[in-house]
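These notes are about the structure you will find just below.
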């Protein structure tokens, strides 16, 4: 229901994130990892691995995945799901690009 | 291109593995139909013996359930007996009238048990031991009858006998050969096996040929031998071998010669028709165990996916008997000839016999009885053709002497109970691993890592996991191949990739992936750091480092901790510091409220709990070079006080350590590198557990290599004694460069030396002064334009950068 009243927040230029890289953003009490894949796919996930809370924005980005820097869980950027043999879910945020600016949509409580 | 029809006749392990491999490579290229005669989905035939023995149920050994076929869009025709292939019309006709068109066809029809052509063979209680129906029949028969005779004292016969004995039958094994398993065991181990089985209550008769199975009103009554004697029986199991099931192919005019004859890409004489598994004859050889069949499956899938780069080469196979309490292993040429030597250990009291057959300093074959722990290790060296001259003295005592033991020092998986932890990093117990191997149908170390995480972190228990695979699956265990593909993005090995980088002057990662036809467009977290290293190692001034292909520590030049903070370790050459440095460190600790300041094991100071944003400022305030405590690079050079102060010191070990550190600092390597210099043989700097350890003596310096103080302590091996500090630098540099050029990424010096042998290093570094000098010069040249990363980042971190967390 809250989805109707959510807002898009600008999170800087896409060009400032290296390809196959990520940056960490903070908005209210959200800590968000913004990923840019090798083919310019952009994804926003909570910057917290479901395993031991590792910062996903520091992980290695490859294909459509990120490998957590702490213990190597592989998270699918599209749906936030951990790949086998691990399980776990990372919350995702909608993103879009407008004239080179990345916008993330946060739920407003 | 339109999707083609791929049809497979046979629904067994080799065939379905081919389809699995194909789906991994090219998931959408074919409409796949599988025609199976049995009513069952693909099950793990290796585990039929435990099912017969009552240790497992059919459901436990299913490899692919119906959902799997459905999920992958595979049309599965069970209980369809293919009886004719019309190659002109490209149609497979089944007995029930169904016909299926194909563009490409895989024959995976398996093998048939050999039936002795003797009177009585058709009696109802005469059985074979090949598939799940056979097992069902045997289980049923065991309830009804009492006296079983198993004809054939090979692997299958003995496992059948063991199972029937456990089901309460009175069992006799009849074997025509001179001793049991005479195709796998020598004249010492064979009789030992016989005695062990007799102790379990199984009777064994050798050198007996069966003439007739005598029956009375349709019931088996006795088995009579060619010497005229007979024994009573009411159940007979024929386990006298298998023969390729190639009848369908022969009827279709496809060339067969004791199996469907295939080339190195698993194609029959009709290139549209592939054959795979036990029905095949490849270069005159057929195989009856799973490991080589899985290799065939990979090759066939590769060809079907039109990648066409892999070929099948004949496999050396090994055998392990799966009878509980009886440990037997055999591989290669176990009998030897005029060119071979034998190393034998025989302890009849403990029931242990081991024989290694050595040809030209390589293992040619092995027979192990009573203790098969090291079977997989010997087999690996056999397949790799490793020169064993440097470990010959300890070879017979097994791998444990080379340090590949378990987490808590366990060396023998079979001595552990199910609740004991095998993998200390991920907390995985023996029972969990064995259960996963059986129930999930795992065959390789990789499979186990993927499904249980055991040995997936530090890897120190890999040896134990391999033992578990080996004791659960026997000869069917698909051992780590001698040559490993770099990662799942490619089939090329580390060595092939590095060769291509050198020979074709590849300087960028994308060139490597294009040139070697990577399956992914930007690699994965395994190959990217490896390629990045291989490129900067081969082309130090041309290849550009790719920060996105580095683990976070090497990207941030600090060591990430469990809470996402970092640690900072400045370089203190040779572990020597001064008041000025200490004052700056103390000031930084105060200013940034550093939660912990700790002395490291490498004689340096560690500032822990630093937030990432503070890193560049702290580096600027410290004004000291990076200690590389986070990298696959030269870490510390530890020293003792040496002759400057110590009354025992023979040389200036601190000066030597500082010189080594200044010469080789900022050197990237396949893994971390630690050095130590001790001023006398008391060795206070612990040089003998370092990658390079230097120990001063009155007349010069001794150099030791490939020690390790980490996961498994490993004492360094003596390389050479030299006279001058200049020589220490040159020999050390040459060794480090050889390691940089030859070792696989993430391979420590100790593991690299265990793989290639100390003699290789000796030849390269001690054998030819020119070669040594050239190696040393290459390293010095590679380091010519190095810069301190902290100083560089302090100067160049402005605008949006990796160290900031942005509030929006």
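Chains as they are written, first to last, in my numbering: chain A, 1 to 109; chain B, 1001 to 1808. Virtual Cβ for every residue (Gly too), placed ideally from N, Cα, C. Remember, it's a predicted structure, so these values are computed and weren't measured experimentally.
Count the other C-beta atoms from every protein chain shown that fall within 10 angstroms of the C-beta of residue i, then say buried if there are 16 or more, exposed otherwise.
{"i": "residue 7 of chain A", "result": "exposed"}
{"i": "residue 1438 of chain B", "result": "buried"}
{"i": "residue 29 of chain A", "result": "exposed"}
{"i": "residue 1003 of chain B", "result": "exposed"}
{"i": "residue 1406 of chain B", "result": "Note that residue 1406 of chain B scores a pLDDT of 46, beneath 50, so its modelled location is shaky; the value from the coordinates is reported in the next line. With 16 or more other Cβ atoms within 10 Å, it is buried."}
{"i": "residue 1638 of chain B", "result": "buried"}
{"i": "residue 1546 of chain B", "result": "buried"}
{"i": "residue 1344 of chain B", "result": "exposed"}
{"i": "residue 1556 of chain B", "result": "buried"}
{"i": "residue 1645 of chain B", "result": "exposed"}
{"i": "residue 1108 of chain B", "result": "buried"}
{"i": "residue 1768 of chain B", "result": "exposed"}
{"i": "residue 1596 of chain B", "result": "exposed"}
Looking at the secondary structure, which residues open and close the beta strand (DSSP E) in which residue i lies?
{"i": "residue 1734 of chain B", "result": "Looking at the DSSP string, residue 1734 of chain B is not in any beta strand (DSSP E); the run it does join, the alpha helix (DSSP H), is 1725 to 1742."}
{"i": "residue 1508 of chain B", "result": "Counting along the chain, residue 1508 of chain B falls outside any beta strand (DSSP E), and DSSP gives it neither H nor E."}
{"i": "residue 8 of chain A", "result": "7 to 13"}
{"i": "residue 1534 of chain B", "result": "No beta strand (DSSP E) holds residue 1534 of chain B; the alpha helix (DSSP H) holding it covers 1527 to 1538."}
{"i": "residue 1133 of chain B", "result": "Note, residue 1133 of chain B: premise wrong, no beta strand (DSSP E); alpha helix (DSSP H) at 1132 to 1144."}
{"i": "residue 60 of chain A", "result": "60 to 62"}
{"i": "residue 1692 of chain B", "result": "1692 to 1697"}
{"i": "residue 1103 of chain B", "result": "Unbroken run through residue 1103 of chain B: none, as it is neither H nor E."}
{"i": "residue 1632 of chain B", "result": "Where residue 1632 of chain B is concerned, there is no enclosing beta strand (DSSP E), given that its DSSP letter is neither H nor E."}
{"i": "residue 1109 of chain B", "result": "Here residue 1109 of chain B belongs to no beta strand (DSSP E), and DSSP marks it neither H nor E."}
Is residue i close to chain A, meaning its C-beta is less than 8 Å from at least one C-beta of that chain?
{"i": "residue 1409 of chain B", "result": "Because residue 1409 of chain B carries a pLDDT of 49, less than 50, the predicted location of this residue cannot be relied on, and the following value inherits that uncertainty. Not an interface residue."}
{"i": "residue 1525 of chain B", "result": "yes"}
{"i": "residue 1616 of chain B", "result": "no"}
{"i": "residue 1711 of chain B", "result": "no"}
{"i": "residue 1798 of chain B", "result": "no"}
{"i": "residue 1806 of chain B", "result": "yes"}
{"i": "residue 1560 of chain B", "result": "yes"}
{"i": "residue 1564 of chain B", "result": "yes"}
{"i": "residue 1793 of chain B", "result": "no"}
Determine whether the Cβ of residue i lies closer than 8 Å to any Cβ atom of chain B.
{"i": "residue 107 of chain A", "result": "no"}
{"i": "residue 96 of chain A", "result": "no"}
{"i": "residue 1 of chain A", "result": "With a pLDDT of 32 at residue 1 of chain A, under the threshold of 50, the modelled position of that residue is not reliable, and the figure given next carries that caveat. False, the Cβ-Cβ gap to chain B never drops below 8 Å."}
{"i": "residue 18 of chain A", "result": "yes"}
{"i": "residue 21 of chain A", "result": "yes"}
{"i": "residue 11 of chain A", "result": "yes"}
{"i": "residue 35 of chain A", "result": "no"}
Hey, quick one: how far does the alpha helix (DSSP H) through residue i stretch, first residue to last?
{"i": "residue 25 of chain A", "result": "Note, residue 25 of chain A: premise wrong, no alpha helix (DSSP H); beta strand (DSSP E) at 21 to 27."}
{"i": "residue 1804 of chain B", "result": "Per DSSP, residue 1804 of chain B belongs to no alpha helix (DSSP H) and is neither H nor E."}
{"i": "residue 1656 of chain B", "result": "1653 to 1664"}
{"i": "residue 1586 of chain B", "result": "1579 to 1591"}
{"i": "residue 1251 of chain B", "result": "1247 to 1251"}
{"i": "residue 1126 of chain B", "result": "Careful: residue 1126 of chain B lies outside any alpha helix (DSSP H), inside the beta strand (DSSP E) at 1126 to 1128."}
{"i": "residue 1794 of chain B", "result": "1789 to 1796"}
{"i": "residue 1470 of chain B", "result": "1462 to 1473"}
{"i": "residue 1005 of chain B", "result": "Segment 1004 to 1009 is the beta strand (DSSP E) holding residue 1005 of chain B; no alpha helix (DSSP H) there."}
Please check if any C-beta of chain D sits within less than 8 Å of the C-beta of residue i.
{"i": "residue 1371 of chain B", "result": "Checking the listed chains, one finds no chain D in this structure; the protein chains it contains are A and B."}
Item to check | Near-chain A residues of the stretch 1442 to 1458 of chain B - C-beta to any C-beta below 9 Å | outcome: Answer set for the stretch 1442 to 1458 of chain B: 1449, 1450, 1451, 1452, 1453, 1456 and 1457.
Next on the checklist: Closer than 9 Å between beta carbons: that is the criterion. Which residues of the stretch 52 to 86 of chain A meet it against chain B?
Outcome noted: Within the stretch 52 to 86 of chain A, the residues whose Cβ lies closer than 9 Å to some Cβ of chain B are 52, 53, 54, 55, 57, 58, 59, 60, 61, 62, 63, 65, 66, 67, 69, 70, 71, 72, 74, 84, 85 and 86, listed in chain order.
Checklist entry - Fully enclosed by the stretch 1035 to 1079 of chain B, which alpha helix (DSSP H) runs are 4 residues long or longer? => result Secondary structure in the stretch 1035 to 1079 of chain B: the alpha helix (DSSP H) runs of 4 residues or longer, each lying completely within the stretch, are 1048 to 1052 and 1066 to 1071 in chain order.
Item to check | Short-range partners of chain A found in the stretch 1528 to 1553 of chain B, where Cβ spacing is below 9 Å | outcome: Of all residues in the stretch 1528 to 1553 of chain B, 1528, 1529, 1546, 1547, 1548, 1549, 1550, 1551, 1552 and 1553 have a Cβ within less than 9 Å of some Cβ in chain A.
Item to check | chain A contacts from the stretch 1496 to 1522 of chain B (Cβ-Cβ distance under 7 Å) | outcome: With the criterion set as a beta carbon lying under 7 Å from some beta carbon of chain A, the members of the stretch 1496 to 1522 of chain B are 1520, 1521 and 1522, in sequence order.
Next on the checklist: Threshold first: 3 residues or longer. Then list the beta strand (DSSP E) segments lying entirely within the stretch 74 to 106 of chain A, N to C.
Outcome noted: The qualifying runs are 74 to 76, 95 to 98 and 101 to 106.
Checklist entry - For the stretch 1275 to 1344 of chain B, which segments carrying the beta strand (DSSP E) assignment without a break, of at least 3 residues, lie completely within its bounds, in sequence order? => result The qualifying runs are 1280 to 1282, 1318 to 1320 and 1328 to 1332.
Checklist entry - What beta strand (DSSP E) runs, 3 residues minimum, are completely inside the stretch 1217 to 1248 of chain B? => result If one requires a minimum length of 3 residues, the beta strand (DSSP E) runs lying completely within the stretch 1217 to 1248 of chain B are 1219 to 1225, 1230 to 1232, 1235 to 1238 and 1242 to 1244, in chain order.
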